[in-house]
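Report on the structure given below.
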Amino acid sequence: MKEFLTNFINAMNKRKWNITLEQSNELPRIILDRYSFIPKDYMDFLYNIKSCVNANDTAFILCSDDFKNKDKNSFAYDEFEKISYAAAIGDDEMQKDIKTFWDKHLPICISVKGGYSYYAINLDNLSIVKGDEVEFEVTETIAPSFYEFLKMLSKGELDLD
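Quick look at the structure:
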């Protein structure tokens with residue numbers, strides 16, 4: 002994985018992404034508490050990458066710091082869940098469905114280019130799915146794994162720039 006991450010970083014730097022490295026062996030408590038399983042390829046990414054943001058600051062892959070509590074004006078890793086939940090106020094069943102969905106979908110990438118969208122790991126099958134506003138919980142499968150998602154991103158097969 003180390004060689005792959007080096008190749009990924011080099012490819013993304015050529016595409017003008019800003020990547021900061023950091024060696025860590027700790028995952029953010031907030032995701033460990035919520036998600037009982039995190040795929041190894043994403044954990045390896047979190048252990049080695051501190052930030053990964055496109056040149057326009059309109060898309061970023063979620064890294065450890067992105068999961069930490071921030072001030073009210075920052076874009077939270079679970080922002081789309083919060084938006085959906087707020088839209089369902091008064092509908093307990095819908096709010097339950099939203100929570101169930103997000104308990105099984107770990108956000109890994111957020112984009113605000115041309116509207117809100119995200120990529121997440123579907124923890125049922127480890128595929129990467131994409132969701133967009135207005136109905137964030139309606140998704141399409143993009144890649145079979147986080148590793149393949151990074152490959153697609155580094156080759157320019159995903160339009161996040």
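Here the sequence shown stands for residues 2 to 162, where the numbers follow this note's numbering.
We put the beta carbon where it would ideally sit given N, CA and C, even for glycine.
Nothing here was measured: the structure is a model prediction, and the numbers come from that model.
{"Asked": "With distances taken from CA atoms, which of K156, K114, N11, I122 is nearest F38?", "Found": "I122"}
{"Asked": "Restricting to runs no shorter than 4 residues, where is the alpha helix (DSSP H) found entirely within the stretch 69-132?", "Found": "80-88, 93-104"}
{"Asked": "Taking buried to mean at least 16 other C-beta atoms within 10 Å of its own C-beta, is A60 buried or exposed?", "Found": "buried"}
{"Asked": "Do you know how far the Cα of S65 is from the Cα of L127?", "Found": "19 Å"}
{"Asked": "Assign P29 to buried or exposed, taking buried as 16 or more other Cβ atoms, counted over all protein chains shown, within 10 Å of its Cβ.", "Found": "buried"}
{"Asked": "Check whether the stretch 139-151 and the stretch 88-96 are in contact - that is, three or more C-beta pairs closer than 8 Å.", "Found": "no"}
{"Asked": "Taking F46 as part of the alpha helix (DSSP H), name the residues at either end of that continuous run.", "Found": "41-49"}
{"Asked": "As a quick exercise: from V139, V130, E27, pick the residue whose alpha carbon is nearest that of S146.", "Found": "V130"}
{"Asked": "What do you reckon, are the CB atoms on A56 and W18 nearer than 8 Å?", "Found": "yes"}
{"Asked": "When burial is assigned at 16 or more other CB atoms within 10 Å of the CB, is S112 buried or exposed?", "Found": "buried"}
{"Asked": "Taking a contact to mean a Cβ-Cβ separation below 8 Å, would you say Y48 touches L63 in this structure?", "Found": "no"}
{"Asked": "Return the chain-ordered list of same chain residues with a C-beta closer than 6 Å to the C-beta of F137, the five sequence neighbours on each side being excluded.", "Found": "F81, S85"}
{"Asked": "Using the C-alpha atoms, what's the distance from F76 back to E27?", "Found": "22 Å"}
{"Asked": "Whose C-alpha, out of S52, L161, S155, Y119, is nearest the C-alpha of F9?", "Found": "S155"}
{"Asked": "Under 8 Å, do G157 and R16 count as touching if we go by C-beta distance?", "Found": "yes"}
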